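Q: In this note's numbering, the protein residues as written are 1 to 181.
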């Protein structure tokens, strides 16, 4: 009769090696980049690449999944009396394939709102600078073994009647973990 289960107590600690431990969810690789370069935008509703943080990688297999994490802080770079919405997202460019900007929004259609709000129009203290922390994470399943370049992105939308002219992000920390699929 074939044995179909083995109790945990029946396995010696040194009997299971990394080579035999297979399955889903193993971390295959970790990538990280950091930048303190400020990236500005004076254009509303247009995603801007944070190009200093672009990471290019080649998946271990077409079933790999990628946990993307981007942390930065926003900065009101010009003008007073601000009322802004700021969104952060990612761009995925597959070598020899498609490029998809704002992949979270393209995949989740806004249900996963990454929008941060800032409003100092009524400030009597003269506080005219936005320095809020921004962060987003996303699990991407690109289904390719071709090289991929991931780039963090941001966009700003300024409310009518405000005088600020430029908003940006100050680089940040971009991390990617590749998992077996």
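Backbone N, C-alpha and C fix where the C-beta goes; we use that ideal spot for every residue, glycine too. Because the structure is a prediction, the values reported are computed rather than measured.
Give me, in chain order, the residues of the same chain whose beta-carbon lies closer than 6 angstroms to that of residue 178; leave out the 5 immediate sequence neighbours on both sides.
A: Excluding its 5 nearest sequence neighbours in each direction, residue 178 has C-beta neighbours in its own chain below 6 angstroms: 28, 29, 64 and 66, listed in chain order.
Q: Between residue 134 and residue 96, what straight-line distance do the alpha-carbon atoms span, to the nearest angstrom?
A: A straight line joining the alpha-carbon of residue 134 with that of residue 96 spans about 32 angstroms.
Q: To the nearest angstrom, report how far apart residue 48 and residue 10 are at their CA atoms.
A: 56 angstroms
Q: What number of angstroms, rounded off, separates the C-alpha of residue 155 from the C-alpha of residue 45?
A: 6 angstroms
Q: Do you know how far the Cα of residue 153 is from the Cα of residue 40?
A: 11 angstroms
Q: Between the Cα of residue 51 and those of 58, 62 and 70, spot the shortest distance and give me the residue it belongs to.
A: 70
Q: Note the first and the last residue of the continuous beta strand (DSSP E) segment covering residue 137.
A: Start and end: 133-140.
Q: If you follow the beta strand (DSSP E) that residue 29 is part of, which residue opens it and which one closes it?
A: 27-41
Q: Short check: CB of residue 38 to CB of residue 175, under 9 angstroms?
A: In this structure, residue 175 does not lie closer than 9 angstroms to residue 38 by Cβ.
Q: To which residues does DSSP link residue 93 through a beta bridge?
A: 99 and 149
Q: Measuring alpha carbon to alpha carbon, tell me which residue in 93, 53, 87 and 13 is nearest residue 143.
A: Comparing Cα positions, the closest option is 93.
Q: At which residues does the beta strand (DSSP E) containing residue 57 begin and terminate?
A: 55-57
Q: Is the separation between the beta-carbon of residue 171 and that of residue 72 shorter than 9 angstroms?
A: yes
Q: So is residue 89 buried or exposed if we call it buried at 16+ other beta carbons inside 10 Å?
A: buried
Q: Between the Cα of residue 106 and the Cα atoms of 168, 53 and 140, which residue gives the shortest distance?
A: 140
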